[in-house]
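Accompanying notes for the structure given below.
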Ligand code: ADP
């Protein structure tokens, strides 16, 4: 379970990332985080993967209480999380296979496990035939699939995605969104910040809307709800 209780994030320059935010996301949910640019979506996601700390309040993921967690525990938390960014943040000098394998190497997986698991996850994201390509030989959608494969390879409980379709054309974005719903169907909890209005409206998942650092709406089968 992901839980925020009275979370405020103030940046050193005085900007408010989040103001008194409380929410609970249960295992297995699929949640869209929507809101205008600057609303606090990325701040929320960064707090969850321990990239930033709340100024006030508690952020909890399963047994981890992020505010009082030592840096030593961070790798254990991160193993529960798969993180997908807008740009895939791929290593340009490594192949698709190596990019995905790298995420297993850094957590100390054995070569045998890597050789078994990476092909499975490349199959899941539809990149089996691209395994020996380099990132610059791939389309934007394929690059994003590599990013997703890398996020999934250690079998995370939670998948956090910050505008994963932001750089993609509508058809490719729809494909990527389908992939996330499949990932959720297979058991991962998904939290996705997005501007993909039509896709959010189509999928009828839980929608949490934030504006100016505050939750303004939280609907079980929601819509995007903005014009832009
Ligand atoms: P969103 O992801 O919804 O576009 P952000 O979480 O990036 O919103 O930003 C929320 C607010 O926090 C904005 O006012 C932004 O300027 C501010 N902010 C975000 N990151 C930083 C930072 N590293 N330093 C200072 N202010 C920040």
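Residue numbers (the working numbering): 512 to 739.
Every residue gets a Cβ at the ideal spot worked out from N, C-alpha and C, and that includes glycine.
Discussion item. Here's a check: name, in chain order, each residue in its chain whose Cβ is nearer than 6 Å to the Cβ of residue 688, leaving out the five neighbours to either side.
Written reply: 710
Worksheet item: Are three or more beta carbon pairs between the region 689-700 and the region 522-534 nearer than 8 Å?
Response: The answer is no - the region 522-534 does not touch the region 689-700, with fewer than three Cβ pairs under 8 Å.
Worksheet item: Rounded C-beta distance between residue 559 and residue 570? I'm assuming under 8 Å.
Response: The C-beta distance from residue 559 to residue 570 rounds to 7 Å, short enough to meet the 8 Å contact threshold.
Worksheet item: For residue 710, which of helix, strand or coil comes out of DSSP?
Response: Of the three classes helix, strand and coil, the one that applies to residue 710 here is helix, per DSSP.
Worksheet item: Is it a yes or a no for the region 625-638 touching the region 588-597, going by three-plus beta-carbon pairs under 8 Å?
Response: no
Item to complete: Could you give the DSSP three-state label for residue 688: helix, strand or coil?
Response: helix
Practice prompt. From the DSSP output, in three-state form, read off residue 739 for me.
Written response: In this predicted model, residue 739 has a pLDDT of only 47, less than 50, meaning its place in the structure is not dependable; the value taken from the coordinates is given anyway. Reduced to three states, the DSSP call for residue 739 is coil.
Practice prompt. For residue 712, count neighbouring Cβ atoms within 10 angstroms of its own Cβ and tell me buried if that reaches 16, exposed if not.
Written response: Answer is exposed; the Cβ neighbour count stays below 16.
Worksheet entry | Limits of the beta strand (DSSP E) - the one that residue 533 falls within | 527-536
Discussion item. What does the alpha-carbon distance come out to for the pair residue 533 and residue 662?
Written reply: 26 Å
Worksheet item: Do you know offhand how far residue 637's Cα is from residue 731's?
Response: 30 Å
Worksheet item: Would the beta-carbon of residue 735 fall within 8 Å of that of residue 513?
Response: no
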